[in-house]
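In what follows, a structure is listed as structure tokens, so that the remarks can point back to it.
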Amino acid sequence: MSSSPLRALDDSGSEWIDESVVNPDLSSVSLQDKWLGQRPRFLSSDMQPPSSLEEANCLMHLAHTKRAIYATTKKLSKKRAQEYKLRAHLYELQARRADVKLGEADLDIGRASFAVRNSGHFIHPSPRLALKRYGSITFRSRLRPQHEVLAVHLD
4 MSSSPLRALD DSGSEWIDES VVNPDLSSVS LQDKWLGQRP RFLSSDMQPP SSLEEANCLM
64 HLAHTKRAIY ATTKKLSKKR AQEYKLRAHL YELQARRADV KLGEADLDIG RASFAVRNSG
124 HFIHPSPRLA LKRYGSITFR SRLRPQHEVL AVHLD
């Protein structure tokens, strides 16, 4: 038995080959005009069942393309979720850095408040600077931790 295309003899005894078996014209092959099972979900409701093998192949390629679109959408969604997680992590890092700066700003406010309470000077004046500014006067009394009064007199 040969694996060649369908060969037959006509009435005159000459051999002929059925070309439709060798190279079938896809548009001429007819199919049933109904959906076997359910209608594919990716098709619109007005889409008719394929009436030829060529239409069926187009629908098959359309189904593969639609699947590729869904796979790409899934990848895109996962990448977006990863992007949002990385953004959230970045915002947390920025919040920590802002928290450090907030602590520094609180210290600056404390230093400024202390300076205002001490006559507007950020540092205690040296004795030479005090003599230059105030002359030879007795500074105010200050309470020590044991509540002793200490008077300072600069000469």
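If you're matching positions, the sequence shown starts at 4 in the numbering used here and goes up one per residue.
For each residue, glycine too, the CB sits at the ideal point set by N, CA and C.
What did DSSP end up calling S116 once you bin it into helix, strand or coil? helix
Whole angstroms is fine: what's the gap from L110's alpha carbon to K77's? 50 Å
Proximity of A71 and F45 at Cβ, strictly below 8 Å: no
Straight-line CA distance for D49 to T68? 20 Å
Any heavy atom of the ligand NAP closer than 7 Å to the CB of R100? Questions concerning the ligand NAP fall outside what the structure shown contains, since it holds no ligand whatsoever.
How big is the Cα-Cα spacing for E86 and R114? 42 Å
Cα separation between R100 and L62? 56 Å
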